[in-house]
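A.B. asks: Would you mind keeping the following structure in view while I ask a few things?
Numbering (the working numbering), first residue to last: 626 to 1236.
So this is what it looks like as structure tokens:
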């Protein structure tokens, strides 16, 4: 079980409660002097600018209609609206999202508008007691009545009569949670049920009434807009597990401390961590709240993923981090990302060329750039889809995790990469898989279990399993390097950051290969074979040197971010007295953080003791 936390809401006594983790004990260090203005880094800037400009020009030229290869893949392209060029919409997922974007936006606008009217007119007038004292209402919350009804209609519109299957599967999970929650072996049952759902959904392709009885076959004509509802149901499965486990931990907590102490944690959560880990009232784990949570319209199809505890907490106490100004700025950023995607797909036909897969006439440099752009396209595609969903959730007053916290090209550590790629999923994995299986104590085999689940959850294919095991294996050398080089004898050396870049460059190349294997197209083996041939040896050597210089800039940028974090921590005198500041070396191996960053050093609060 996940371990220790204070169960006492400010009281002196600290207790161990299931489902709650303790405070991080990492310490903050003094930042290093900036190197951004030094002569060394000015050389790096020039090299990076020239290299990136050359990359853009080369990819544009390689996608030119004047190239002989263009005639072979042009049928994959569609009519565009920029520069008189065609647009590459050969990625099915992006094409579907892009073509249905106006409808999605219209439905989300309708939902958000209706929900705000409902809150202002109905909740404010009829449930004024709830607004004055949110903890007085337990069970289905007034702020969830309209989401419950809208989500039901929304799901029926999307899935038609297949909504019966969704109700049956969700209902089965709910009954298991309510009957078995608190028992030692309950998590195994929850997981067995939900994994069985994934496999049967895939095997029966969403089920058909005609398979059950020919007399019911006519119902299959009424399966809604999203006929294959099972394709997106994997996201719902994560919410089902979240509800079951959060309720299970709530029941376990009741056997270890008083109900009053558990309920005292519900009021006025001070952080996202408290919203996630502190249990709700026992009455909050009802079917109406559960159903509204599973089918919450902005997040239903794509996420980001939010835990049940966090969702109910925000419906009771809205997050102060969501404001009109921040939401509008976020919408502008979303629009800018979408325009960037349109620009890329009009100028670089990386998806169509990758699907075509004939690399004989392309140079090693061009092939490598198309591989890089293929991964960049996947990153930007998912960023836009997730930001679109998160934007509408924020417009509705719900704060969720930013799934893509960093650009794909701004990562050099495997651990950081997976922490920042699909961030909400990573947090879900940590809470419901990694920590219950032992966390760091069993990290060696735990990592393989986690990535096996990640592969099966994405798709039941051998290629994704191979990808998962490659990723898990890559964690081993990074972990060993972290353990060996994170010592004063190395971290205090002036060349430590050079060691970091040497390891980080290997990581970048390894991650690109692994992700091309997992998410690339059928011709990826030919692509990699040509890149790593004798012809590509000199090219790889140049790439390795260039990436080392690029990583020096990234390291220093991370340190710049950390300086701002450190300065902010010192502005508040009271906060400064609570936080420990040390000048110890950062937890930065040859493949990890170099001299610290906004990711690794954590502010450590000294627990306040009453009395």
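Virtual Cβ for every residue (Gly too), placed ideally from N, Cα, C.
The structure displayed is predicted, hence computed values, not measured ones.
#1: Nearest by alpha-carbon distance to residue 696: which of 711, 1007, 705 and 995 is it?
#2: Just to confirm the assignment: which complete alpha helix (DSSP H) runs, minimum length 4, are found wholly within the segment 976-1062?
#3: Taking buried to mean at least 16 other C-beta atoms within 10 Å of its own C-beta, is residue 1084 buried or exposed?
#4: Report all residues from its chain with a CB closer than 6 Å to the CB of residue 1080; omit the five preceding and five following residues, and keep chain order.
#5: Quick one, which of 645, 643, 653 and 669 has its alpha-carbon nearest residue 1182's?
#6: Return the bridge partner residues of residue 712 from the DSSP annotation.
#7: In three-state terms, what does DSSP make of residue 804?
#8: Between the C-alpha atoms of residue 700 and residue 694, what's the straight-line distance to the nearest angstrom?
#9: Buried or exposed: which applies to residue 1075, given that a residue is buried once 16 or more other Cβ atoms fall within 10 Å of its Cβ?
#10: Out of 1034, 835 and 864, state which residue places its alpha-carbon closest to the alpha-carbon of residue 1243.
#11: Identify every run of the alpha helix (DSSP H) within the segment 1096-1179, keeping only runs that are complete inside it and at least 4 residues long; order them along the chain.
#12: Can you give the Cα-Cα distance for residue 1192 and residue 654, rounded to whole angstroms?
#13: Check whether the Cβ atoms of residue 978 and residue 928 sit closer than 7 Å, and answer yes or no.
#14: Just to confirm the assignment, what range does the alpha helix (DSSP H) spanning residue 871 have?
#15: Evaluate contact between the segment 815-834 and the segment 746-762, counting only Cβ atoms and requiring at least three cross-stretch pairs below 8 Å.
#16: Can we say the segment 771-778 touches the segment 908-916, given the rule of at least three CB pairs closer than 8 Å?
#17: Would you report the Cα separation of residue 1186 and residue 920, rounded to the nearest angstrom?
#18: Give me the residue from 1135, 771, 818 and 813 with the minimum Cα distance to residue 794.
#19: Is it buried or exposed, residue 960, if we count other Cβ atoms within 10 angstroms and call 16 or more buried?
#20: Rounded to whole angstroms, what's the CA-CA distance from residue 692 to residue 1167? Just pull it up for me.
#21: Please report how far the alpha carbon of residue 1027 lies from the alpha carbon of residue 1043, in whole angstroms.
#22: Within its chain, find whatever has a CB closer than 8 Å to the CB of residue 743; leave out the 5 residues flanking it on each side and keep chain order.
#23: Our contact map puts residue 1124 next to residue 1144 with C-beta atoms below 8 Å; I'd like the distance itself, whole angstroms only.
#24: Would you tell me roughly how many angstroms separate the C-alpha atoms of residue 611 and residue 1077, rounded to the nearest one?
#25: With DSSP run on the structure shown, which of helix, strand or coil describes residue 1182?
#26: Check this for me: beta carbons of residue 937 and residue 905, under 7 Å apart or not?
#27: DSSP three-state call for residue 933: helix, strand or coil?
#28: With a 10 Å radius around its C-beta and 16 neighbouring C-beta atoms as the bar for buried, classify residue 973 as buried or exposed.
#29: Just reading off the alpha helix (DSSP H) that residue 782 is part of, what are its end residues?
#30: Take residue 805 and list the residues in its own chain whose beta-carbon comes closer than 7 Å to its own, dropping the five residues that flank it on each side.
#31: Out of curiosity, what's the CA-to-CA distance linking residue 865 and residue 1045?
#32: Buried or exposed: which applies to residue 1184, given that a residue is buried once 16 or more other Cβ atoms fall within 10 Å of its Cβ?
#33: Where residue 716 and residue 975 are concerned, what is the direct C-alpha to C-alpha distance, given to the nearest angstrom?
#34: May I ask you to verify whether the segment 1056-1066 touches the segment 1149-1156, counting CB pairs closer than 8 Å and requiring at least 3?
#35: Ignore the nearest five residues each way along the sequence and tell me which others in residue 1048's own chain have a CB closer than 8 Å to its CB.
#36: Mind checking which residues open and close the alpha helix (DSSP H) that includes residue 721?
C.D. replies: By the coordinates alone:
#1: 711
#2: 989-1020, 1039-1045 and 1048-1054
#3: exposed
#4: 1089, 1090 and 1093
#5: 669
#6: 703
#7: helix
#8: 12 Å
#9: buried
#10: Since the displayed the chain opens at 626 and closes at 1236, residue 1243 lies outside it and no answer follows.
#11: List check, alpha helix (DSSP H) in window: 1113-1116, 1121-1144 and 1149-1156.
#12: 12 Å
#13: no
#14: 858-879
#15: no
#16: yes
#17: 37 Å
#18: 818
#19: exposed
#20: 26 Å
#21: Residue 1027 and residue 1043 have their C-alpha atoms some 13 Å from each other.
#22: 770 and 771
#23: The pair is not a contact, with the Cβ atoms about 30 Å apart (cut-off 8 Å).
#24: No statement about residue 611 is possible, as the shown extent of the chain runs from 626 to 1236 and does not include it.
#25: Residue 1182: helix per DSSP, three-state reduction.
#26: yes
#27: helix
#28: So residue 973 counts as buried.
#29: 770-784
#30: Excluding sequence neighbours, residue 805 sits near 811 and 814.
#31: 23 Å
#32: buried
#33: 10 Å
#34: The segment 1056-1066 is not in contact with the segment 1149-1156.
#35: 929, 1026, 1027, 1028, 1029 and 1030
#36: Run containing residue 721: 717-743, per the alpha helix (DSSP H) assignment.
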